[in-house]
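The numbering used here applies: residue 2 is where the sequence shown begins, and numbers increase by one. Below: one structure, written as structure tokens.
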Amino acid sequence: MTVSRWKSGILVLVVSLLFLSTDIKMVSAGENHDQLFVYIGDSLMKVKSGDLEEVSKNIALFEQDWKTIKTDSESARKVDEKLSAVKSAVSDQDSTDEIKKRLSALSSTLVIYDTNENPVDKTDYKERLQGILPLIDKLEVLITEGDFDQAKVQYTNLLNQWTDAEVIVREKSVATYGEFETKMAFVRIAITQDPPDPEKAQKNLTELKGLIEDFLAGKVEEGSQKNTYSLGDVTELLQGSATDIEKDDIDSAVDKLNEILTIWPNVEGEVSTRDSKLYSDMETKVPTAISLLQSKNVKVDEAKGIVSDLNTRLLPLIDDTGYTTWDAALILLREGLEALLIVATLLSFLKKIGQADKQKWIWTGVGAGLVASSILAVIINIVFSQITAASSREYIEGITGIIAVLMMLTIGLWLHGKSNVHAWNRYIGKQMNQAIATGSIISFALISFLSIFREGAETIIFYAGMAPYMDLKQLLSGIFLAFLILVVIGFIMLRYSVKLPMTLFFKVATIFIYALAFKILGVSIHSLQVSQVIQTNTISSFPFVETIGLYPTMETLVPQGVLLLLIALATIWVKKSNSLRATE
Numbered sequence: 002m003t004v005s006r007w008k009s010g011i012l013v014l015v016v017s018l019l020f021l022s023t024d025i026k027m028v029s030a031g032e033n034h035d036q037l038f039v040y041i042g043d044s045l046m047k048v049k050s051g052d053l054e055e056v057s058k059n060i061a062l063f064e065q066d067w068k069t070i071k072t073d074s075e076s077a078r079k080v081d082e083k084l085s086a087v088k089s090a091v092s093d094q095d096s097t098d099e100i101k102k103r104l105s106a107l108s109s110t111l112v113i114y115d116t117n118e119n120p121v122d123k124t125d126y127k128e129r130l131q132g133i134l135p136l137i138d139k140l141e142v143l144i145t146e147g148d149f150d151q152a153k154v155q156y157t158n159l160l161n162q163w164t165d166a167e168v169i170v171r172e173k174s175v176a177t178y179g180e181f182e183t184k185m186a187f188v189r190i191a192i193t194q195d196p197p198d199p200e201k202a203q204k205n206l207t208e209l210k211g212l213i214e215d216f217l218a219g220k221v222e223e224g225s226q227k228n229t230y231s232l233g234d235v236t237e238l239l240q241g242s243a244t245d246i247e248k249d250d251i252d253s254a255v256d257k258l259n260e261i262l263t264i265w266p267n268v269e270g271e272v273s274t275r276d277s278k279l280y281s282d283m284e285t286k287v288p289t290a291i292s293l294l295q296s297k298n299v300k301v302d303e304a305k306g307i308v309s310d311l312n313t314r315l316l317p318l319i320d321d322t323g324y325t326t327w328d329a330a331l332i333l334l335r336e337g338l339e340a341l342l343i344v345a346t347l348l349s350f351l352k353k354i355g356q357a358d359k360q361k362w363i364w365t366g367v368g369a370g371l372v373a374s375s376i377l378a379v380i381i382n383i384v385f386s387q388i389t390a391a392s393s394r395e396y397i398e399g400i401t402g403i404i405a406v407l408m409m410l411t412i413g414l415w416l417h418g419k420s421n422v423h424a425w426n427r428y429i430g431k432q433m434n435q436a437i438a439t440g441s442i443i444s445f446a447l448i449s450f451l452s453i454f455r456e457g458a459e460t461i462i463f464y465a466g467m468a469p470y471m472d473l474k475q476l477l478s479g480i481f482l483a484f485l486i487l488v489v490i491g492f493i494m495l496r497y498s499v500k501l502p503m504t505l506f507f508k509v510a511t512i513f514i515y516a517l518a519f520k521i522l523g524v525s526i527h528s529l530q531v532s533q534v535i536q537t538n539t540i541s542s543f544p545f546v547e548t549i550g551l552y553p554t555m556e557t558l559v560p561q562g563v564l565l566l567l568i569a570l571a572t573i574w575v576k577k578s579n580s581l582r583a584t585e
């Protein structure tokens with residue numbers, strides 16, 4: 002699974018994911034670490050019930066087995082670190098959420114270790130796939146004889162053999178892998194529902210054999226296909242299925258769950274390395290829910306419980322926030338226009354008071370401000386990269402985004418206060434009069450330097466809240482688009498002394514900055530939910546809207562509601578303040 006992408010470019014903060022050493026020594030490739038994962042999975046369940054004694058026993062067994070198989074490698078040392086963290090949390094009787102977070106971190110590092118120590122043997126995949134065929138034949142016989150108890154046992158054998166070969170199939174053809182997974186799920190549903198559906202089971206087994214034979218004959222399109230699905234599609238289908246169950250529209254609910262089985266192979270990678278328990282449950286419980294709904298005695302409540310639980314656990318992992326090229330462009334465009342407005346006003350003010358010869362110091366300050374902003378971007382990038390290396394990516398992204406929101410709120414207030422011409426003129430006049438009063442040419446450069454540096458620093462922080470969630474191409478396209486627009490506007494303003502409609506500019510900029518703050522706040526809290534820093538309490542009836550950062554959870558909606566309240570109060574306060582000044 003691809004866990005992160007480096008973000009780079011002008012005024013862009015790069016936030017990286019945990020980086021691990023690649024200096025890994027290979028050991029015997031047959032080592033099985035399944036039991037270690039069982040210990041972790043069972044511990045996660047015991048933590049939920051508050052049974053820390055059993056968790057402690059599981060971790061002791063984990064450590065005992067781990068010591069006998071671990072190698073001298075960087076990935077093994079990472080597992081040791083996470084294991085120590087879990088032991089410490091259990092010993093200190095930390096909060097349930099903290100122990101769960103550390104267990105999940107241990108699971109993730111163990112996945113990396115297992116992958117490095119057990120590389121897939123690609124030379125015997127044909128033999129592995131051929132070994133599935135006789136298992137299918139035996140399962141077909143059992144289904145024909147109506148012995149579904151033994152058929153379930155045989156299905157488990159078939160599933161184990163498929164699990165041993167699926168990595169190779171996925172690598173060669175994602176499309177074929179998806180078909181394999183879907184057929185296997187449909188077979189499971191057919192033999193576990195009550196009563197079983199032998200016709201459906203036989204049909205899918207026949208198609209499964211055909212897939213294997215075609216694959217072995219090379220009749221597949223090798224490589225990966227373009228993935229047009231996201232986890233958002235899965236949660237949307239889960240929500241829709243739950244709604245259909247409530248309406249007693251069982252057929253529609255089953256159709257949606259079947260569709261999930263079809264698209265799941267395309268998105269499962271986004272879950273497997275972040276929540277292995279959820280990944281396993283998605284693969285087993287969706288078919289179970291379908292079986293419950295298609296059984297003679299439909300178990301509505303049980304099926305709905307499964308669907309709702311999966312949806313609640315899957316929502317925090319959704320990473321696509323819907324940031325677009327225009328979101329990236331509007332950040333730089335807003336900050337850039339404000340900087341242009343300040344510079345143009347400063348130059349105009351100097352001309353008006355007969356100090357045009359000091360304009361060069363304004364430009365000196367502009368240049369110094371740009372250089373200082375660039376240096377700040379590099380420094381923040383390095384510092385945040387080091388912090389991220391020692392913490393979870395989602396945690397850093399969440400905190401950074403919240404900082405950006407706080408800055409946006411204060412900037413929105415400042416813009417509100419300057420949203421009329423008189424207030425703006427007072428602001429600029431005060432700054433320039435102070436510079437003239439000192440009699441120092443450096444003061445003029447300092448004013449423009451601080452103005453540009455402030456805008457640059459704000460831009461860096463704002464991009465820090467967005468960049469980790471955006472496609473690099475979209476991010477850079479937005480920055481380039483904004484840069485071109487700023488060049489054109491700047492040339493017109495400075496060459497022809499064209500003035501921006503300041504009142505309109507400040508009002509539009511204020512609305513934009515508040516809207517973006519709302520979105521980034523939702524996205525940032527969502528990141529903290531992904532990293533399990535905060536809980537997730539889903540509101541099933543509430544809509545999920547990616548484009549505005551609206552997530553149907555109490556933890557995101559309450560802070561966003563508070564933000565809207567603060568904005569409303571700030572608007573009222575600024576209007577009253579401006580009215581009082583106007584009467585003075």
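Even glycine gets a Cβ: it sits at the ideal position worked out from N, Cα and C.
Between which residues of its own chain and residue i is the CB-CB distance below 6 Å, once the five residues before and five after are set aside?
| i | result |
| --- | --- |
| T236 | N312, L315, L316 |
| S57 | V91 |
| I568 | Y515 |
| S29 | Here S29 scores only 36 on pLDDT, less than 50, and its place in the model is too uncertain to base an answer on. |
| A340 | I453, E456 |
| A446 | W362, T365, G366 |
Where does residue i fall in DSSP's three states?
| i | result |
| --- | --- |
| V546 | strand |
| T207 | helix |
| T72 | coil |
| T554 | strand |
| A218 | coil |
| Q360 | helix |
| P288 | helix |
| Y230 | coil |
| Q94 | coil |
| T1 | Nothing can be reported for residue 1, as the shown portion of the chain is limited to 2 through 585. |
| D52 | coil |
| S195 | In the sequence under discussion, the amino acid at residue 195 is Asp, which differs from the Ser named in the question. Coil. |
| Q536 | coil |
| S296 | coil |
| T326 | helix |
| S22 | Note that S22 scores 30 on pLDDT, short of 50, meaning its location in the model is unreliable; the coordinates nonetheless yield the value given after this. Residue state, collapsed to three classes: coil. |
| I319 | coil |
By Cβ distance below 7 Å, which residues in the same chain neighbour residue i in space, the five residues on each side in sequence not counted?
| i | result |
| --- | --- |
| L570 | none |
| Y178 | E167, V170, R171, P266 |
| A304 | I246, A290, L293, L294 |
| I213 | L130, I133, L134 |
| V367 | V344, S449, I453 |
| D198 | A191 |
| F216 | L130, V170, T177 |
| A77 | K71, Y114 |
Relative to the C-alpha of residue i, which candidate in the options has its C-alpha closest?
| i | options | result |
| --- | --- | --- |
| I332 | I521, L551, G51, S231 | I521 |
| E82 | V301, T110, F450 | T110 |
| E118 | L447, M555, P553, D73 | D73 |
| Y325 | S375, Q203, I480, V563 | Residue identity differs from the one stated: residue 325 is Thr in this sequence, not Tyr. Nearest C-alpha to T325: I480. |
| L239 | P199, V308, V524 | V308 |
| S296 | T193, L348, L377 | T193 |
| A106 | L564, I137, L45 | L45 |
| V559 | E54, T572, I540, V299 | I540 |
| L482 | T365, A373, L334, I380 | L334 |
| E75 | K47, S50, I113, A86 | I113 |
| Y230 | E269, K210, K204, Q203 | E269 |
From which residue to which residue does the alpha helix (DSSP H) around residue i run?
| i | result |
| --- | --- |
| G305 | The sequence given here has Lys at residue 305, not Gly. Note, K305: alpha helix (DSSP H), 301-315. |
Kindly list the residues whose CB is nearer than 8 Å to the CB of residue i, restricted to its own chain and excluding five residues on each side of it in sequence; keep chain order.
| i | result |
| --- | --- |
| W574 | none |
| D245 | I251, S253, A254, K257 |
| P544 | L551, P553 |
| L348 | Q360, I363, L495 |
- Sequence ranges, beta strand (DSSP E) only - wholly within the stretch 125-189, length at least 3: Within the stretch 125-189, no beta strand (DSSP E) run of at least 3 residues lies entirely inside it.
- Query: Along the chain, which unbroken stretches of the alpha helix (DSSP H) at least 4 residues long are found entirely within the stretch 237-286?
  - Reply: DSSP runs (the alpha helix (DSSP H)) wholly in the stretch 237-286: 251-268, 270-273.
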